[in-house]
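Engineer: Starting off with a structure, shown below.
There are 2 protein chains.
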Amino acid sequence: MLAAQACEKLRSAILEGRLPPGTPLSRRRLAEEMGMSAVPVGEAIRRLEGEGLVESRPRAGTRVRIATVDEVHGNYVLREALETHSARLFAESATAVDAARLLTAAAKVDASYNSLAMRRGYSPERRARTERTHIAFHMRIAKAAGVPVLTNAIERSRVLLFNWVFSASSEFEPMPERWHRDLAEILVSGHPDEAARAMRAHVQYRQEEVIARFRALAVESSGPGRMTRGPQRNSR
Amino acid sequence: MLAAQACEKLRSAILEGRLPPGTPLSRRRLAEEMGMSAVPVGEAIRRLEGEGLVESRPRAGTRVRIATVDEVHGNYVLREALETHSARLFAESATAVDAARLLTAAAKVDASYNSLAMRRGYSPERRARTERTHIAFHMRIAKAAGVPVLTNAIERSRVLLFNWVFSASSEFEPMPERWHRDLAEILVSGHPDEAARAMRAHVQYRQEEVIARFRALAVESSGPGRMTRGPQRNSR
DNA sequence: CTGTATAAACTGATGTATCAGTTTTGAAGA
DNA sequence: TCTTCAAAACTGATACATCAGTTTATACAG
């Protein structure tokens, strides 16, 4: 199916940063680049719009979504709701195997971040790899509950936040050395309320800071009143 | 925009029960009925698919979504996560006006349900009206936090559950007489943890019962292996 | 040089036609 | 009566053409 193929290409291009927020997306240009008609491209764009990665105004244009500060904050709230519950479910129902693997994953995440924070330990590739490890850690918690609906909701929220906030967090700042191990140990201890509380603190950590930085970078976008396009050069 | 119009028509038709789960949806037939081409209808269907109200297999057909037991359970889990957090936020930040209005709304919901449970108090219209009042009560809690992302997520989850479970809950069963007033009183008392706990109990109330009933009614659907169509009669 | 109006270029939205895959139908064979 | 299977009918997917609305470019007036 061509539409699914176009959707996947666009999604990965956006999430890998090759199409940063605000980039104009033309159905026709994309169709030509991908060697297909404008219809499947339009379908792909429609789907990405439903996921929140893209926004379009009728007959004006489509672009990679530029989130507002409220939306970033809203997704943090949403993520707090979802991951807090995810942690609770983990504490209630995780098996010994789940627990052991979570501790291992937490150690890996901490090691990656600590290594990244060291002098001359930073590189964009390592940063990207570390972020993937980090996401895998959180998704492991979610998957332990065996509820795909919850897992998917968490992943959607994380994807959006990552994409929107990535530009605002270009500079890496270290976190507590045992940040994820401490969290994992509380989760595996089997007390739902404490697990939920620990996850809440984890999600809220530096949240306001990130939002403030995002707000500072978002002052220029004066809303979606106008949909910018590229220069026009064809036939004249 | 024709697509939006078609989308709205289809959505309301599904949610009002005129197109029960499993009903085949043909782009062409719908296009003819609505006086438009198949393209905007297809776009509308694609959007409803993203919302989970509709499902389609390529070149086989489209139908109103038939949920699996796992999906119903998953949406209950999701709703628990979202509404629990919503209650917590309400307890943390609701104003006195919010609190007063919530108590009023709770009284109205209880009154409606109690009246419905009385001998000869039941009618489908009253039932529908009561359910709307009930949903409005929960959405009022969510809206008090002022986070549209959360509110929308809750509404989506509630819409899906309502549509899927409605057929399984045709017979109305009474609930505790002060069920919503008790919840509201805890929420307005301003203790986040207690508010969350109360909402958790509220969402879980009779959840297993409803799921069991849904499972009993869902035995016949042997998965989406085949996409059924209506009879064929044109030209022969 | 600056502001403004007008035309060109571009955009998404929609209609029509066609393709390839799936389901239904119904007749032929057991 | 029951099973088999091929053609008909129907489905969603896609291409192409066109329409109406928006943005950009440019000529022109100040």
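Residue numbers (our numbering), protein chains in the order written: chain A, 1 to 236; chain B, 1001 to 1236.
Heads up, the beta-carbon is just placed ideally off N, CA and C, and yes, glycines get one too.
#1: Classify Val147 of chain A as helix, strand or coil using the three-state DSSP reduction.
#2: Using the rule of at least 16 other Cβ atoms within 10 Å of the residue's Cβ for burial, across every protein chain shown, is Glu43 of chain A buried or exposed?
#3: Can you name the residues of chain B whose CB is closer than 7 Å to the CB of Ala50 of chain A?
#4: With H, G and I counted as helix, E and B as strand and the rest as coil, what does DSSP make of Glu209 of chain A?
#5: Name the chain A residues that come within less than 9 Å of Glu1131 of chain B, Cβ to Cβ?
#6: Quick one: which chain B residues come within Cβ less than 9 Å of Ala237 of chain A?
#7: Tell me the DSSP secondary structure of Pro21 of chain A in three-state form.
#8: Under 8 Å between the Cβ atoms of Arg1047 of chain B and Asp1110 of chain B?
#9: So which residues on chain B does Pro21 of chain A lean against when the C-beta distance must stay under 7 Å?
#10: Quick one: is Asn1163 of chain B near chain A, going by C-beta distance under 8 Å?
#11: If the cut-off is 8 Å on Cβ atoms, which residues from the stretch 56-83 of chain A count as contacting chain B, listed in chain order?
#12: Determine the closest residue to Val1147 of chain B out of B:Ala1060, B:Gly1074, B:Glu1083, B:Glu1131, with distance taken between C-alpha atoms.
#13: Run the proximity test for Val1041 of chain B: is its beta-carbon closer than 7 Å to any non-hydrogen atom belonging to the ligand SAH?
#14: Taking only runs of the alpha helix (DSSP H) that begin and end inside the stretch 116-193 of chain A, which ones reach a length of at least 4 residues, in chain order?
#15: Which word fits Ala1060 of chain B, buried or exposed, when buried means at least 16 other C-beta atoms lie within 10 angstroms of its C-beta?
#16: Arg46 of chain A lies in the alpha helix (DSSP H); which residues open and close that run?
#17: Flag Pro1148 of chain B as yes if its beta-carbon sits less than 8 Å from any beta-carbon of chain A, otherwise no.
#18: Among B:Met1034, B:Leu1010, B:Glu1080, B:Arg1018, which residue has its Cα nearest to the Cα of Glu1049 of chain B?
#19: Assuming Ala1153 of chain B and Phe1090 of chain B make a contact with CB atoms under 8 Å, what is their CB distance in whole Å?
#20: Residues of chain A with CB under 7 Å from Ala1153 of chain B, in chain order?
#21: Name the chain A residues whose beta carbon is nearer than 7 Å to that of His1138 of chain B?
#22: Taking only beta-carbon positions, decide if Glu1092 of chain B is within less than 8 Å of chain A.
#23: Listed in chain order, which residues of the stretch 170-192 of chain A have Cβ atoms closer than 7 Å to some Cβ of chain B?
#24: Can you have a look at Met238 of chain A and say buried or exposed, based on whether 16 or more other CB atoms are within 10 angstroms of its CB?
#25: Should Leu160 of chain A go down as buried or exposed, given a rule of 16 or more other Cβ atoms within 10 Å for buried?
#26: Please state whether the Cβ-Cβ distance between Ala117 of chain A and Pro24 of chain A is less than 8 Å.
#27: Can you list, in chain order, the residues of its chain with a C-beta nearer than 8 Å to that of Ser1000 of chain B? Leave out the 5 residues immediately preceding and following it.
#28: Counting pairs of beta carbons, one from the stretch 53-71 of chain A and one from the stretch 7-21 of chain A, are three or more of them closer than 8 Å?
#29: Please determine, among B:Ala1094, B:Thr1095, B:Ser1026, the residue with the shortest C-alpha to C-alpha distance to Ala1006 of chain B.
#30: Pro1192 of chain B: which of B:Ser1123, B:Tyr1122, B:Pro1124, B:Ala1094 sits nearest, CA to CA?
#31: Are the CB atoms of Thr130 of chain A and Met139 of chain A nearer to each other than 8 Å?
#32: Check each candidate in A:Tyr122, A:Gly121, A:Arg120, A:Ala105 and name the one with the smallest Cα separation from Thr133 of chain A.
#33: Does the beta carbon of His202 of chain A sit closer than 8 Å to a beta carbon anywhere in chain B?
#34: Can you tell which of B:Asn1114, B:Val1210, B:Thr1062 has the C-alpha that lies nearest to the C-alpha of Arg1229 of chain B?
#35: Among the residues of its own chain, which have a CB less than 6 Å from the CB of Pro40 of chain A, if the five just before and after it don't count?
#36: Any beta carbon of chain B sitting closer than 8 Å to that of His134 of chain A?
Structural biologist: According to the data block:
#1: coil
#2: buried
#3: According to the sequence displayed, residue 50 of chain A carries Gly and not Ala. Arg1047, Gly1050, listed in chain order.
#4: helix
#5: Chain A residues near Glu1131 of chain B: none, gap ~22 Å exceeds 9 Å.
#6: Since the first residue of chain A shown is 1 and the last is 236, residue 237 of chain A is not available in this structure.
#7: coil
#8: no
#9: Simply none; closest approach about 17 Å.
#10: no
#11: Pro58, Asp70, Glu71, His73, Gly74, Asn75, Val77, Leu78, Glu80, Ala81, Leu82
#12: B:Glu1083
#13: Absence of the ligand SAH is noted for the structure shown, with no ligands found whatsoever.
#14: 124-143, 148-166, 179-188
#15: exposed
#16: 38-51
#17: yes
#18: B:Leu1010
#19: With a Cβ gap of about 16 Å, Ala1153 of chain B and Phe1090 of chain B do not count as contacting.
#20: Leu78
#21: Going along chain A, no residue has its Cβ under 7 Å from His1138 of chain B, so there is no contact; the nearest lies around 14 Å.
#22: no
#23: none
#24: Because chain A in this structure spans residues 1 to 236, residue 238 of chain A falls outside the shown range and cannot be described.
#25: buried
#26: no
#27: Past the boundaries of the shown model lies residue 1000 of chain B; chain B is included only from 1001 to 1236, so the question cannot be answered.
#28: yes
#29: B:Ser1026
#30: B:Ala1094
#31: no
#32: A:Ala105
#33: no
#34: B:Thr1062
#35: Leu2, Ala3, Ala6
#36: no
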